[in-house]
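Peer 1:
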Amino acid sequence: MGSMTLVALLMCLCAGALVVRAEDPYLFFTWNVSYGTIAPLGVPQQAILINGQFPGPKINCSSNNNIVVNVFNNLDEPFLLTWHGIQQRKNSWQDGTPGTMCPIPPGTNYTYHFQVKDQIGSYYYFPTSSLHRASGGIGPIRVNSRLLIPVPFDEPADDYSVIMGDWYNKGHKSLKKLLDSGRSLGRPDGIQINGKSSKVGGNNEPLFTMEPGKTYRYRFCNVGMKTSLNVRFQGHKMKLVEMEGSHTVQNVYESLDLHVGQCLSVLVTADQEPKDYYLVASSRFAKTPLTAVAVIRYTNGQGAASSELPKPPPENSVGIAWSMNQFRTFRWNLTASAARPNPQGSYHYGKINITRTIRLANSKTQVEGKLRYAVNGVSHADSETPLKLAEYYGVPQKVFKYDSMADEPAPEGTSNILVAPNVVNQTFRDFVEIILENHEKTIQTWHLDGYSFFAVAMEPGRWTPEKRKNYNLLDALSRHTIHVFPGSWSAIMLTFDNAGMWNMRDEYNLPDYTKLGGIVKDMPMPPPYSV
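Note that the numbering used here has the sequence shown beginning at 227, numbered continuously upward.
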């Protein structure tokens, strides 16, 4: 999954009256990370478990809750978790990526502290180092609305989290060796749904149950390595109500595409004959299609699920058009409240002047016998010292250079790339347009830590300034991931109002509990920032 590293320059003044109020509630978790044997595709293999399970424990919290997670690393390798989509306002110290944090050494523990400030919706966590995510260590995060904030649908009978994605039977260590040897990961072996892959017609235990006449919320997250999925229910339609922390216009779908890193919520009503039905997840745009099923059982049901599965969308070039058209139906619900008691649509992003346009395009080449992918001619390389720590301790010049990447792609045909940490300066609170162009033959998914952005357009071909006339400047969805089809482009717009190094100079001082590493490990603490 593509990622983007940006540095925001903080320029702010603090003023105002002192307000005394009770602190938001705290939720405490203790997680033990260890190896264990599981068989998501029926083949026993070593996996990464949290408290002995995969998927890992669910974080079930509400807007503004403070989350404290004490993680004990019992692996034989350093381990690092990120909280995918959780913006952690003003606290990029807990981002959980190699650019901002040192991993947890084997046999030690680290306590994450972060707040789900002004957020609602469906998210997940996963490990970010050494391809650990290919072996597990993944689990759901559910952020509920506060009781005083209305939700634009009736409370469901139950709320189910579904962690799904492609899966390899090789394990992360074998996959890492493949990449280190210059080869690709290859084709996944299958698709897992909450750690399992049931067989059509088999004697399968139900994943979830539903009572006739009641409506249920299903939260889907694609946590895989590279495969886009299509999700559908046998005999049931889905009403989309939330995507990556935003309430959506409530359209009804027979199937939904879900790309790597993306999460969404649907409502499903148990309005069919009481029996078993299959939940189906199948690969999209793959040469060799993959399909997995899970059983959804009516509580008073009698009878097995039909072996005739609902068909997926078309898989050829028409299928890309189908998926693009579906993307355009995802709209922000402008009348719904968010995590605060004001409508989502009160933020009129389409009326803000753009201060900077950044066009990002990928390329690939061989460097020292290894295949390297680059963005605008720079292939990011993690340093021993996290970039955020190097900057905080005043030694960035020993670790990285700012703005080694241009705002425009390198000319086509350019084979030379720079392999180095890739850090882009961005002025605090500027409103920026980012164009993501995909020159490869596979789908990309981009995620921006610490922010949500407005996904305003997606089209085939190359972007030009004239394409702005096709932007949705009214109710484009606010989200944190966006996919880009082969030979296509996607456009996003956002305000850089969350200062920090998100994978930024940070306006908060280094917490006492931050784990140090690299060249700053034994350095004295710098003086606090002054504001």
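Positions of the beta carbon are idealized from the N, C-alpha and C atoms, including for glycine.
Rounded to whole angstroms, what is the Cα-Cα separation between Arg445 and Thr707?
Peer 2: Along the sequence shown, one-based indexing puts residue 445 at 219. Along the sequence shown, one-based indexing puts residue 707 at 481. The straight-line gap from Cα to Cα measures roughly 16 Å.
Peer 1: Can you grab the Cα-Cα spacing for the pair Thr517 / Ile419, in whole Å?
Peer 2: Translated into the one-based positions of the sequence shown, residue 517 becomes position 291. Translated into the one-based positions of the sequence shown, residue 419 becomes position 193. Rounded to the nearest angstrom, the two C-alpha atoms are 10 Å apart.
Peer 1: Among the residues of its own chain, which have a CB less than 6 Å from the CB of Ile180, if the five just before and after it don't count?
Peer 2: Nothing about residue 180 can be read from this structure; the chain reaches only from 227 to 757.
Peer 1: Does DSSP put Ser410 in a helix, in a strand, or in coil?
Peer 2: Indexing the sequence shown from 1 puts residue 410 at position 184. Here Ser410 sits in coil by DSSP.
Peer 1: Ile580 and Glu692 - do their beta-carbons sit closer together than 7 Å?
Peer 2: Numbered from 1 along the sequence shown, position 466 holds the residue referred to as residue 692. Numbered from 1 along the sequence shown, position 354 holds the residue referred to as residue 580. Their beta carbons are not under 7 Å apart, which means Glu692 does not touch Ile580 by this criterion.
Peer 1: Val369 and Gln345 look like a contact to me (Cβ under 8 Å); what is the Cβ gap, rounded to whole Å?
Peer 2: As a first step, residue 369 is located in the sequence shown; it is residue number 143 there, counting from the start. As a first step, residue 345 is located in the sequence shown; it is residue number 119 there, counting from the start. Val369 to Gln345, Cβ: 5 Å. Contact.
Peer 1: Find the nearest neighbour of Val492 within the set Met464, Asn651 and Thr611, judged by alpha-carbon distance.
Peer 2: Position 266 of the sequence shown, counted from the start, is the residue given in the question as residue 492. Selected option, being the one with the closest Cα: Met464.
Peer 1: In the DSSP assignment, what residue or residues form a beta bridge with Met464?
Peer 2: On the sequence shown, position 238 is the one that residue 464 refers to. Tyr479.
Peer 1: So what does Ala646 bridge to, in DSSP terms?
Peer 2: For the purposes of this step, residue 646 is taken as the residue at position 420 of the sequence shown. The partner list for Ala646 (beta bridge, DSSP) reads His606.
Peer 1: Under a three-way DSSP split, which group does Gly571 fall into?
Peer 2: Numbered from 1 along the sequence shown, position 345 holds the residue referred to as residue 571. Three-state DSSP puts Gly571 in a helix.
Peer 1: Compare the Cα-Cα distances from Ala512 to each of Gly416, Ser424, Tyr504 and Asn568 and report the closest residue.
Peer 2: Translated into positions along the sequence shown, residue 512 becomes position 286. Out of Gly416, Ser424, Tyr504 and Asn568, Gly416 has the C-alpha closest to the C-alpha of Ala512.
Peer 1: Would you mind sorting Arg443 into buried or exposed? The rule is 16 or more other CB atoms within 10 Å of its CB.
Peer 2: The residue labelled residue 443 in the question sits at position 217 within the sequence shown. With 16 or more other Cβ atoms within 10 Å, it is buried.
Peer 1: Kindly indicate which three-state DSSP category Ser589 falls into: helix, strand or coil?
Peer 2: By one-based count along the sequence shown, residue 589 stands at place 363. Strand, per DSSP.
Peer 1: Considering just the uninterrupted stretch of the alpha helix (DSSP H) at Ala758, what are its terminal residues?
Peer 2: The question about residue 758 has no answer here: the residues shown for the chain are numbered 227 through 757.
Peer 1: List the endpoints of the continuous beta strand (DSSP E) containing Phe711.
Peer 2: Looking up residue 711 in the sequence shown gives position 485. Neither: Phe711 is in no beta strand (DSSP E) and is coded neither H nor E.
Peer 1: Need the endpoints of the beta strand (DSSP E) that Phe459 sits in, please.
Peer 2: Your numbering for residue 459 matches position 233 in the sequence shown. Per DSSP, Phe459 belongs to the beta strand (DSSP E) from Leu455 to Phe459.
Peer 1: Is it right to say Gly439 is buried, meaning 16 or more other beta carbons lie within 10 angstroms of its own, or is it exposed?
Peer 2: Mapped onto the sequence shown, residue 439 falls at position 213. Its Cβ having fewer than 16 others within 10 Å, Gly439 is exposed.
Peer 1: Could you check the C-alpha separation between Val519 and Tyr349 for me, to the nearest Å?
Peer 2: What you label residue 519 is simply residue 293 of the sequence shown in a count that begins at 1. What you label residue 349 is simply residue 123 of the sequence shown in a count that begins at 1. Approximately 22 Å between the Cα atoms of the pair.
Peer 1: Are Pro637 and Asn602 touching if we call contact CB-CB under 7 Å?
Peer 2: Stepping through the sequence shown from its first residue, residue 637 is reached at position 411. Stepping through the sequence shown from its first residue, residue 602 is reached at position 376. No. Outside cutoff.
Peer 1: Measuring only the C-alpha atoms, how far is Ile643 from Ala607?
Peer 2: Here residue 643 corresponds to residue number 417 of the sequence shown, with the count starting at 1. Here residue 607 corresponds to residue number 381 of the sequence shown, with the count starting at 1. If you take the alpha carbons of Ile643 and Ala607, they lie about 12 Å apart.
Peer 1: Specify, as a first and last residue, the run of the beta strand (DSSP E) that Thr334 falls within.
Peer 2: The residue labelled residue 334 in the question sits at position 108 within the sequence shown. It is not in any beta strand (DSSP E) - Thr334 carries neither H nor E in the DSSP assignment.
Peer 1: Between the Cα of Arg341 and the Cα atoms of Ile312, Pro331 and Pro329, which residue gives the shortest distance?
Peer 2: Walking along the sequence shown from the start, residue 341 turns up at place 115. For clarity, residue 341 is Gln in the given sequence; the question names Arg instead. The option with the nearest alpha carbon to Gln341 is Ile312.
Peer 1: Consult DSSP for Lys692 and reduce its assignment to one of helix, strand or coil.
Peer 2: Sequence index remark: in the sequence shown, residue 692 carries index 466 (1-based). Note that residue 692 is Glu in the sequence shown, not Lys. Here Glu692 sits in helix by DSSP.
Peer 1: Rounded to whole angstroms, what's the CA-CA distance from Asp392 to Tyr351? Just pull it up for me.
Peer 2: Sequence index remark: in the sequence shown, residue 392 carries index 166 (1-based). Sequence index remark: in the sequence shown, residue 351 carries index 125 (1-based). Using only the alpha carbons, I get a separation of about 16 Å.
Peer 1: Measuring alpha carbon to alpha carbon, tell me which residue in Met390, Gly347 and Ile375 is nearest Gly363.
Peer 2: The count along the sequence shown starts at 1 and reaches residue 363 at position 137. Of Met390, Gly347 and Ile375, the residue nearest in Cα terms is Met390.
Peer 1: Compute the Euclidean distance between the alpha carbons of Lys747 and Pro331, then round it to the nearest angstrom.
Peer 2: Stepping through the sequence shown from its first residue, residue 747 is reached at position 521. Stepping through the sequence shown from its first residue, residue 331 is reached at position 105. Their Cα atoms are separated by approximately 13 Å.
Peer 1: With the cut-off set at 7 Å, would you say Leu662 and Leu586 are in Cβ contact?
Peer 2: Within the sequence shown, the letter at position 436 stands for residue 662. Within the sequence shown, the letter at position 360 stands for residue 586. In contact: Leu662 and Leu586 (Cβ atoms closer than 7 Å).
Peer 1: Buried or exposed for Gln652, going by 16 or more other Cβ atoms inside 10 Å?
Peer 2: Numbered from its first residue, the sequence shown carries residue 652 at position 426. Gln652 is buried by the Cβ-count criterion.
Peer 1: Comparing C-alpha positions only, which one of Glu610, Leu455 and Thr435 sits nearest to Gly487?
Peer 2: Counting from one through the sequence shown, the residue named residue 487 turns up at place 261. Among Glu610, Leu455 and Thr435, the Cα nearest to that of Gly487 is on Leu455.
Peer 1: Roughly how many angstroms lie between the CA atoms of Gly278 and Arg557, to the nearest whole one?
Peer 2: As a position in the sequence shown, residue 278 is number 52, starting the count at 1. As a position in the sequence shown, residue 557 is number 331, starting the count at 1. Between Gly278 and Arg557, the C-alpha separation is close to 39 Å.
Peer 1: Between Gly571 and Trp715, what straight-line distance do the alpha-carbon atoms span, to the nearest angstrom?
Peer 2: The residue labelled residue 571 in the question sits at position 345 within the sequence shown. The residue labelled residue 715 in the question sits at position 489 within the sequence shown. Their backbone Cα atoms lie some 25 Å apart in a straight line.
Peer 1: With Gly347 as the anchor, note down where its beta strand (DSSP E) starts and where it stops.
Peer 2: Counting from 1 along the sequence shown, the entry for residue 347 is found at position 121. Gly347 to Pro353 is the span of the beta strand (DSSP E), which, as asked, contains Gly347.
Peer 1: Look at the alpha carbon of Ser704 and the alpha carbon of Gln476, and state the distance between them as a whole number of angstroms.
Peer 2: The sequence position of residue 704 within the sequence shown is 478, counting from 1. The sequence position of residue 476 within the sequence shown is 250, counting from 1. Cα to Cα, the separation comes out at about 15 Å.
Peer 1: Whose C-alpha, out of Asp385, Ser410, His673 and Phe459, is nearest the C-alpha of Tyr503?
Peer 2: As a working mapping, residue 503 is identified with position 277 in the sequence shown. Closest by alpha carbon: Phe459.
Peer 1: Give me the Cα-Cα distance between Leu306 and Lys402, rounded to the nearest whole angstrom.
Peer 2: Numbered from 1 along the sequence shown, position 80 holds the residue referred to as residue 306. Numbered from 1 along the sequence shown, position 176 holds the residue referred to as residue 402. Each residue's alpha carbon lies about 16 Å from the other.
Peer 1: Taking C-beta to C-beta, are Gly397 and Ser361 nearer than 7 Å?
Peer 2: Position 171 of the sequence shown, counted from the start, is the residue given in the question as residue 397. Position 135 of the sequence shown, counted from the start, is the residue given in the question as residue 361. Closer than 7 Å, so yes.
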